[in-house]
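Novice: My questions will all concern the structure given below.
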Amino acid sequence: MKRASHFGMITALALSSAVFVDDATAEERVISHDELMDKMSGFWIGQLLGNYIGFPFENNYVEEPIPVLVDRIYTADYDGSPELKINSKDRRGFIPLMAQTLGGAFSDDDTDIEFVTLHAVEKYGLDITYPEITQMWKTHINDYIWVANREARNLMDQGLVAPDTGRKENNKHWFQIDPQLVNEIWSAFYPGMTQKAAERALWGARITNDDWGTHPTIAYGAMISAAFFEKDVRKLVDIGIKAVPNEGPFAEGIRDVVKWHSEFDNWRDTRDKIHEKYYAYKKGSYEAPVSVVSSLANGLTGIMAVLYGEGDFIQTVGIATSAGYDCDNQAATTAGLIGVLNGLSGMGDAAVKLTMELPLRGTWDKPFNNQYVNISRDEIRLRTPIDEIVERIAAVAKTAILENGGRMEVRDGKTVYVVNSDL
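Here it is as structure tokens:
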């Protein structure tokens, strides 16, 4: 059974047969409905905010990081000191104006390809196939894509079907950053099921990438999934390390970042080490071509931000942004992770304030005015309430929980989900 009604039907059946119990066994991972929704809100809203914090600086800092810790959404008319290189020729430098004009958050490839994935899974089910996702890309994803995503989409027009669209012999950008910023939603679909989340994130990564170019996606897939239950960021990184194949530059790099984190108190020292060794990497049969959008350097600075950020939303996203490179991407990914870890309720007043005071004039009552405005994906409606998106992601997650050995119960009058977790 693989249709949109599938998710609602499974949830309804589970509720009608909910088990009334008092205590969990030691092996169970239990999350209440309210906490699940809070974490899903943190995931989606966190990604949006991380994207906008990093967006003004995208690809502007390479040899050196940004000289300040970015803790807000900068604009092209910033007149502070030191002088900052902010994108001033397009929407990236005018996010408050965009938000004011559109009346909410606007789509970008850090979230809108995930939005297509949500639609695809609702249509075909969690066991969606490569021919099915290829057709969804051809229908909905045509513009506002770059590098490996753009190449994969071009190959689809030539008749190739994923994963052939990501193979290194076909896609010259197989090593670039693309999959780690468009597949985080698989982790939200599989809360606490880290192996399944990593497997499906890898499945998504192979649409555009190959070999070690998929490894950061695997790591973040496992880490975000684990963050539904694990709050220790060092343990999350360890989970990411275990999920990644031992061979390749990212596997070496993530272990280096952990080591440098233990040696240096200042993240900028670790960033220097990452740039020195991994921006232009060649070792044996492995080579990472120099690229500001490489999955390697960007993926590693994200791991660095998670460690040094210590679970704080603004600190983590600020480091991810200030590290430079294609910084809006790791800012969005790490923001989604910390959003899951703390939930929207734990993102902090400073972060939530940014989501509500974004427009040029006035304030919103809800983060991003509770509106996700689609300006980039074809044949998907223009406006979708953010709380609807969160509910839809959660509906898929509930189905995944039930289909993978979990269950729904009522405890003390409240609905909880008992997850068959591998943590």
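Residue numbering for the sequence shown is 0 to 422, as defined by numbering that gives the first Met the number 0. C-beta: ideal position from N, C-alpha, C; glycine also. Remember, it's a predicted structure, so these values are computed and weren't measured experimentally.
Drop a sphere of 10 angstroms on the beta-carbon of S420, count the other beta-carbons inside from all chains shown, and report buried for 16 or more, exposed for fewer.
Specialist: Burial call: buried.
Novice: Quick one: grab the DSSP three-state call for T269.
Specialist: helix
Novice: My understanding is that I392 touches A187, with C-beta atoms under 8 Å, so please give their C-beta distance in whole angstroms.
Specialist: Contact between I392 and A187 holds, with the beta-carbon distance rounding to 5 Å and staying under 8 Å.
Novice: Inspect the beta-carbon positions of D255 and K282 and report whether they are closer than 9 Å.
Specialist: no
Novice: For A287, which residues does DSSP report across the bridge?
Specialist: Checking the DSSP bridge columns, you'll see A287 partnered with Y280.
Novice: Determine, using beta carbons only, whether G335 and E198 come nearer to each other than 9 Å.
Specialist: no
Novice: Taking the alpha helix (DSSP H) that I302 falls in, what are its first and last residues?
Specialist: If you look at I302, you'll find it in the alpha helix (DSSP H) that goes 294-308.
Novice: I want to know whether the segment 345-362 touches the segment 205-213 - three or more CB-CB distances under 8 Å.
Specialist: no
Novice: Counting along the chain, where does the beta strand (DSSP E) carrying Q370 start and finish?
Specialist: 370-372
Novice: Name the two residues that bound the continuous alpha helix (DSSP H) containing K352.
Specialist: 348-355
Novice: Could you pull the start and end residues of the alpha helix (DSSP H) that T100 belongs to?
Specialist: Per DSSP, the continuous alpha helix (DSSP H) segment holding T100 begins and ends at 94-101.
Novice: Could you tell me whether the segment 64-78 touches the segment 111-128, where touching means 3 or more Cβ pairs closer than 8 Å?
Specialist: no
Novice: Alpha carbons only, please: which of K167, L201, E390, V417 is nearest the one belonging to Q179?
Specialist: Distance from the Cα of Q179 is smallest, within the candidate group K167, L201, E390, V417, for L201.
Novice: Report buried or exposed for R270, applying the criterion of at least 16 other Cβ atoms within 10 angstroms of its Cβ.
Specialist: It is buried - the Cβ of R270 has at least 16 other Cβ atoms within 10 Å.
Novice: Roughly how many whole angstroms lie between the Cα atoms of R149 and I52?
Specialist: Cα-Cα distance, rounded: 24 Å.
Novice: Can you say whether R28 is buried or exposed, counting buried as having 16 or more other CB atoms within 10 angstroms of its CB?
Specialist: buried
Novice: How about D327 and G49: do their beta carbons lie closer than 9 Å?
Specialist: yes
Novice: Are the beta-carbon atoms belonging to F174 and S344 less than 9 Å from one another?
Specialist: no
Novice: In whole angstroms, what is the alpha-carbon distance linking P66 and S224?
Specialist: About 33 Å.
Novice: Count the C-beta pairs between the segment 56-63 and the segment 85-103 that are closer than 8 Å, then say yes if the count reaches three, no if not.
Specialist: Yes, the segment 56-63 is in contact with the segment 85-103.
Novice: Does the Cβ of I374 have 16 or more other Cβ atoms within 10 Å, making it buried, or fewer, making it exposed?
Specialist: exposed
Novice: Measure from the alpha carbon of G347 to the alpha carbon of each residue in T110, L35, G41, then state which is nearest.
Specialist: G41
Novice: Tell me the DSSP secondary structure of V232 in three-state form.
Specialist: helix
Novice: Shortest alpha-carbon distance to N208 belongs to which of R166, H260, N369?
Specialist: When each option's Cα is compared against that of N208, the closest is R166.
Novice: If I measure Cβ to Cβ from P288 and keep anything under 7 Å in the same chain, skipping five residues before and after, which residues do I get?
Specialist: F174
Novice: Between the C-alpha atoms of H139 and D264, what's the straight-line distance to the nearest angstrom?
Specialist: 45 Å
Novice: Taking the alpha helix (DSSP H) that M135 falls in, what are its first and last residues?
Specialist: 129-139
Novice: If I'm right that V418 touches M192 with Cβ under 8 Å, what's the distance once you round it to whole angstroms?
Specialist: 7 Å
Novice: Would you kindly check if the distance between the Cβ of L125 and the Cβ of E402 is under 9 Å?
Specialist: yes
Novice: For the candidate residues N170, V316, W259, whose alpha-carbon lies nearest to that of W145?
Specialist: Nearest of N170, V316, W259 to W145, Cα basis: N170.
Novice: Does E168 pass the burial test, meaning 16 or more other C-beta atoms within 10 Å, or should it be called exposed?
Specialist: exposed
Novice: Assuming G298 and F249 make a contact with CB atoms under 8 Å, what is their CB distance in whole Å?
Specialist: 6 Å
Novice: Tell me whether A104 sits in a helix, a strand or coil according to DSSP, three-state version.
Specialist: strand
Novice: How many angstroms separate the CA atom of D311 from the CA atom of R376?
Specialist: 32 Å
Novice: How many Å lie between Q157 and L295 at the Cα?
Specialist: Distance between the alpha carbons of Q157 and L295 is about 29 Å.
Novice: What is the DSSP secondary structure of I30, reduced to helix, strand or coil?
Specialist: strand
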